[in-house]
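Protein chains in written order, with our numbering: chain F, 1 to 326; chain B, 327 to 599.
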Amino acid sequence: MTTAPLIEVEDLRIDLDDGANHVAAVEGVSFRIDRGETFGLVGESGCGKSITALALIGLLRRPLSVAAGAIRFEAREIQRLSAAEQRALRGNRIAMIFQEPMTALNPVSPVGRQIAEMFVLHKGKSWREANQLAVEALASVRVPAPERRVKDYPHQLSGGMRQRVMIAIALACDPDLLIADEPTTALDVTVQAEIIELMRNLCAERGTAILMISHDLGLVANVCRRVGVMYAGRIVEERRSDDIFSACAHPYTQGLVDSLPRLGSRAALGRSRLREIAGVVPAIADFPAGCRFNPRCAQATEICRTTAPETTWLGAGGLVRCHHHA
Amino acid sequence: MKLGTSAIIGGLLFALAIFVGLFAPWLAHTDPVMGANLMNAEEPPSWIWWFGTDAQGRDIYSRVVHGARISLTVGIVSQLVNSIIGVTLGLTAGYWGGWWDDVVNGLTNLMLAIPSLIFALAIMAVLGPGLTSLLIALGLTNWSFTCRIARASTLSLKSQGYVQAARVLGYGDLRIMITQLLPNMVGPIIVIGTLGMGGAVLAEASLSFLGLGIRPPYPSWGSMLSEARDQITTAPWLSVFPGLAIFLTVLGLNLLGDGLRDVLDPQSRSRRT
Numbered sequence: 001m002t003t004a005p006l007i008e009v010e011d012l013r014i015d016l017d018d019g020a021n022h023v024a025a026v027e028g029v030s031f032r033i034d035r036g037e038t039f040g041l042v043g044e045s046g047c048g049k050s051i052t053a054l055a056l057i058g059l060l061r062r063p064l065s066v067a068a069g070a071i072r073f074e075a076r077e078i079q080r081l082s083a084a085e086q087r088a089l090r091g092n093r094i095a096m097i098f099q100e101p102m103t104a105l106n107p108v109s110p111v112g113r114q115i116a117e118m119f120v121l122h123k124g125k126s127w128r129e130a131n132q133l134a135v136e137a138l139a140s141v142r143v144p145a146p147e148r149r150v151k152d153y154p155h156q157l158s159g160g161m162r163q164r165v166m167i168a169i170a171l172a173c174d175p176d177l178l179i180a181d182e183p184t185t186a187l188d189v190t191v192q193a194e195i196i197e198l199m200r201n202l203c204a205e206r207g208t209a210i211l212m213i214s215h216d217l218g219l220v221a222n223v224c225r226r227v228g229v230m231y232a233g234r235i236v237e238e239r240r241s242d243d244i245f246s247a248c249a250h251p252y253t254q255g256l257v258d259s260l261p262r263l264g265s266r267a268a269l270g271r272s273r274l275r276e277i278a279g280v281v282p283a284i285a286d287f288p289a290g291c292r293f294n295p296r297c298a299q300a301t302e303i304c305r306t307t308a309p310e311t312t313w314l315g316a317g318g319l320v321r322c323h324h325h326a
Numbered sequence: 327m328k329l330g331t332s333a334i335i336g337g338l339l340f341a342l343a344i345f346v347g348l349f350a351p352w353l354a355h356t357d358p359v360m361g362a363n364l365m366n367a368e369e370p371p372s373w374i375w376w377f378g379t380d381a382q383g384r385d386i387y388s389r390v391v392h393g394a395r396i397s398l399t400v401g402i403v404s405q406l407v408n409s410i411i412g413v414t415l416g417l418t419a420g421y422w423g424g425w426w427d428d429v430v431n432g433l434t435n436l437m438l439a440i441p442s443l444i445f446a447l448a449i450m451a452v453l454g455p456g457l458t459s460l461l462i463a464l465g466l467t468n469w470s471f472t473c474r475i476a477r478a479s480t481l482s483l484k485s486q487g488y489v490q491a492a493r494v495l496g497y498g499d500l501r502i503m504i505t506q507l508l509p510n511m512v513g514p515i516i517v518i519g520t521l522g523m524g525g526a527v528l529a530e531a532s533l534s535f536l537g538l539g540i541r542p543p544y545p546s547w548g549s550m551l552s553e554a555r556d557q558i559t560t561a562p563w564l565s566v567f568p569g570l571a572i573f574l575t576v577l578g579l580n581l582l583g584d585g586l587r588d589v590l591d592p593q594s595r596s597r598r599t
């Protein structure tokens, strides 16, 4: 990999400063995504996945702010760009889809218009052209009868259809990077599979890189080539998806893997009850000293309670932050 | 979309007022100002003089019909000015917050603390009577409720997913305000605007009654009432008909506003499909 990565995050630290507290919500996060690559961030609620994504598009708002580190998109530092330059990236080069397709669409505007707006905004098209392109965009996300659907309002569409519209909006300007923040959490399982498949195919066709954010390790490993596991504001392990189930090195990842239900013959071989990770993610204000996972870790020893583990490079581009990695 | 009875009645009354105002020259029997003939002075209502005549022998029906033009112009234009001022201030204050929000809030509280009619009186006293100054006085003094509503709507809409999504998709501030925020608050703004229009018609009548609005001999409902007050016992039709016109127009606007509130209420919106 000699070419410059599409997006590179280096030693990112995001501070939460609400006047009373000043704490690092995300710390030492580094990863890179190449053109057309798929990368997933997995972790429990509150581990900093979503604010990392917001930092990537330059939309952190008080009380959160990027305190240290760098985010480079095509070797340009996002934080150094002017507000207008950032805006030109957003939606055009970096797009995002959200967890809630119910609320992410403007209820009083026909969906076709909302798609067309992207072409007007970022590509300088006339409304006439943009409306035509919107029909094509809806067709590309496999919405039946797109020329009639463009006139529909969001409440006339089902959840799955709305998420398709969101994908159409996000991919309208052929972005280089698509950030998918829990894109299917609000949908039921059969629709989930369709949406994921659609998203994956469209991005593969267009060479769009995906940063997928989810709490669902199975889903992320299925979609992405590489997976970063986040815990309490840090990436504790980064692996190729193929390795994560068989050879995970961090006890937290192991815990996540163990908590996935297994089906078929594997269920018979294994255990009957799902295992969970004891305890909860600590609040941002009282992250423990040392390794942040130590209070919940079965293998924790004295050093885990005092010293934060350094990054250890594993083979095949993997890395882990643990004193006792396997 | 199902309209309630009150919206229909209110809408019809308002439409009637508009119709009368638009076609006043064709509906009127005589010229409202020049049609004076002392031979016909103070005739009670009859088949010839529908609403009677005044002390100068002018046809009250024709004057009421022409008065609709002035009253409605004042009501509509001044409320439009109010809505534009209120929405602009409220939307930007709610969206940007910070010192601008403080300034707008202070201004709104100031406007709410001073009775708007007194404020309008003061402006009229400076500018002098006349239609233009009436429009300015009423257009600048009644925007505080609209502003409050616009600001509150903005604050609650700002955290909606689609507003956040628009920001993520690269929309600028102005585009977010115009495409995402404004269309989602038009319901309450229209309701307030309709009710405010009724208020403006009344305020015009009050100011003209006090001699600060439209000057005689031009007919506005308020100035007609003002002229008629000396003859209220001898020629009651002089005050009854302009009063009735004010009453029906304001009633219509209030019913329409109430009816629209029921229709445009976001909670009933989902039931509507």
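Glycine included, C-beta positions come from ideal geometry on N, C-alpha and C.
Bear in mind that the values here come from a model prediction, so they are computed numbers and not experimental data.
*Please state whether DSSP places F:Leu198 in a helix, a strand or coil.*
The residue labelled residue 198 of chain F in the question sits at position 198 within the first sequence. Note: F:Leu198 maps to helix in three-state DSSP.
*Starting from the Cα of B:Leu436, find the closest Cα among B:Gly423, B:Leu453 and B:Phe471 and give me that residue.*
The residue labelled residue 436 of chain B in the question sits at position 110 within the second sequence. Here the closest residue by C-alpha is B:Phe471.
*Is the CB-CB distance between F:Gly159 and F:Met212 below 8 Å?*
On the first sequence, position 159 is the one that residue 159 of chain F refers to. On the first sequence, position 212 is the one that residue 212 of chain F refers to. No, the pair does not count as a contact, with Cβ atoms beyond the cut-off.
*Show which residues of chain B have a CB atom less than 9 Å away from the CB atom of F:Ser65.*
Looking up residue 65 of chain F in the first sequence gives position 65. The premise fails here: F:Ser65 is roughly 17 Å from chain B at the closest Cβ pair, so nothing lies under 9 Å.
*Is the CB of B:Gln506 under 8 Å away from at least one CB in chain F?*
Residue numbering aside, residue 506 of chain B sits at position 180 when the second sequence is read from its first letter. At least one chain F Cβ lies under 8 Å of B:Gln506.
*So is B:Ala419 in contact with chain F if we call contact Cβ pairs under 8 Å?*
Position 93 of the second sequence, counted from the start, is the residue given in the question as residue 419 of chain B. Chain F, which has no Cβ nearer than 8 Å to the Cβ of B:Ala419, makes this no.
*When DSSP labels each residue in this structure, what does F:Arg240 get in the three-state scheme?*
Taking the first residue of the first sequence as position 1, residue 240 of chain F is located at position 240. Correct three-state label for F:Arg240: strand.
*Are the Cβ atoms of B:Met511 and B:Tyr421 separated by less than 8 Å?*
Position 185 of the second sequence, counting from 1, holds the residue named residue 511 of chain B. Position 95 of the second sequence, counting from 1, holds the residue named residue 421 of chain B. No, they are not a contact pair.
_Measuring straight from C-alpha to C-alpha, what distance separates F:Leu319 and F:Ala75?_
Start at 1 with the first residue of the first sequence, and residue 319 of chain F comes out as number 319. Start at 1 with the first residue of the first sequence, and residue 75 of chain F comes out as number 75. So the two alpha carbons sit approximately 23 Å from each other.
_Between the alpha carbons of B:Ser293 and B:Ile558, how many angstroms are there, rounded?_
In the structure displayed, chain B extends from 327 to 599; residue 293 of chain B sits before or after that span and is not available.
*asked:* Let me see if you follow: with CB-CB separation under 8 Å, is F:Ser82 close to chain B or not?
replied: Position 82 of the first sequence, counted from the start, is the residue given in the question as residue 82 of chain F. For F:Ser82, the closest Cβ of chain B is not nearer than 8 Å.
*asked:* So the candidates are B:Ile444, B:Leu415, B:Met450 and B:Asp588; which of them puts its Cα closest to the Cα of B:Leu433?
replied: Counted from its first residue, the second sequence places residue 433 of chain B at position 107. It is B:Leu415.
*Host alpha helix (DSSP H) of B:Met437 (start-end)*: As a working mapping, residue 437 of chain B is identified with position 111 in the second sequence. Segment Gly424 to Ala439, the alpha helix (DSSP H) holding B:Met437.
*For F:Val135, which residues from the same chain have a beta carbon less than 6 Å from its beta carbon, with the 5 sequence-adjacent residues on both sides left out?*
For the purposes of this step, residue 135 of chain F is taken as residue 135 along the first sequence, with counting starting at 1. Contacts found: Pro146, Glu147 and Val150.
*Neighbour-count burial assignment, F:Val280, 16 or more Cβ in a 10 Å radius*: Reading the first sequence from its first residue, position 280 is the one you call residue 280 of chain F. By the Cβ neighbour-count rule, F:Val280 is exposed, with fewer than 16 other Cβ atoms within 10 Å of its own.
*Could you please give the first and the last residue of the uninterrupted alpha helix (DSSP H) stretch that includes B:Ala492?*
Within the second sequence, numbered from 1, the residue matching residue 492 of chain B stands at position 166. Here the alpha helix (DSSP H) through B:Ala492 covers Gly487 to Val494.
*In chain order, what residues of the same chain lie with their CB nearer than 7 Å to the CB of B:Arg595, ignoring the 5 residues before and after it?*
In the second sequence, residue 595 of chain B corresponds to position 269, counting from 1. Low local confidence applies: a pLDDT of 49 at B:Arg595 is under 50, so the model's placement there is unreliable, and no value is given.
*According to DSSP, is B:Arg598 helix, strand or coil?*
Stepping through the second sequence from its first residue, residue 598 of chain B is reached at position 272. Note that B:Arg598 has pLDDT 42, beneath the 50 cutoff, so the model's placement of it is unreliable and no number is given.
_Touch test, the segment 59–74 of chain F against the segment 234–251 of chain F, Cβ-Cβ under 8 Å, three pairs minimum_ = no
*Skipping 5 residues on each side, what residues in its chain have a beta carbon closer than 6 Å to that of B:Gly519?*
Within the second sequence, residue 519 of chain B is the residue found at index 193, counting from 1. Contacts found: Gln405 and Ser409.
*Under a three-way DSSP split, which group does F:Asp11 fall into?*
As a position in the first sequence, residue 11 of chain F is number 11, starting the count at 1. In this structure, F:Asp11 counts as strand in the three-state DSSP scheme.
*Who are the neighbours of F:Ile33 on chain B, taking C-beta pairs under 7 Å?*
By one-based count along the first sequence, residue 33 of chain F stands at place 33. Going along chain B, no residue has its Cβ under 7 Å from F:Ile33, so there is no contact; the nearest lies around 18 Å.
_is_contact[B:Arg493, chain F] using C-beta, thresh 8 Å_ = Reading the second sequence from its first residue, position 167 is the one you call residue 493 of chain B. Chain F contact via Cβ: present.
_I'd like to know whether the C-beta atoms of B:Leu582 and B:Phe340 end up nearer to each other than 8 Å._
As a position in the second sequence, residue 582 of chain B is number 256, starting the count at 1. As a position in the second sequence, residue 340 of chain B is number 14, starting the count at 1. Yes, these two residues count as a Cβ contact at 8 Å.
*Cβ of F:His155 within 8 Å of Cβ of F:Pro107?*
Here residue 155 of chain F corresponds to residue number 155 of the first sequence, with the count starting at 1. Here residue 107 of chain F corresponds to residue number 107 of the first sequence, with the count starting at 1. The answer is yes: Cβ separation under 8 Å.
*Taking only beta-carbon positions, decide if B:Pro568 is within less than 8 Å of chain F.*
One-based indexing of the second sequence puts residue 568 of chain B at position 242. B:Pro568 does not count as touching chain F.
*What number of angstroms, rounded off, separates the C-alpha of F:Lys49 from the C-alpha of F:Lys123?*
Taking the first sequence and counting its residues from 1, the one referred to as residue 49 of chain F is at position 49. Taking the first sequence and counting its residues from 1, the one referred to as residue 123 of chain F is at position 123. Approximately 30 Å between the Cα atoms of the pair.
*Measuring from the CB of B:Val452, is there a heavy atom of the ligand NAD at a distance below 7 Å?*
Among the components modelled here there is no ligand, and therefore nothing to report on the ligand NAD.
*Using Cβ-Cβ distances below 9 Å, what residues of the segment 508–522 of chain B are close to chain F?*
Pro509, Asn510 and Val512
*Check distances from the C-beta atoms of the segment 473–500 of chain B to those of chain F and list, in chain order, the residues that come in under 9 Å.*
The segment 473–500 of chain B vs chain F, Cβ under 9 Å: Gln486, Gly487, Tyr488, Val489, Gln490, Ala491, Ala492, Arg493, Val494, Leu495, Gly496, Tyr497 and Gly498.
*beta strand (DSSP E) containing F:Phe73: first to last residue?*
In the first sequence, residue 73 of chain F corresponds to position 73, counting from 1. Note, F:Phe73: beta strand (DSSP E), Leu64 to Phe73.
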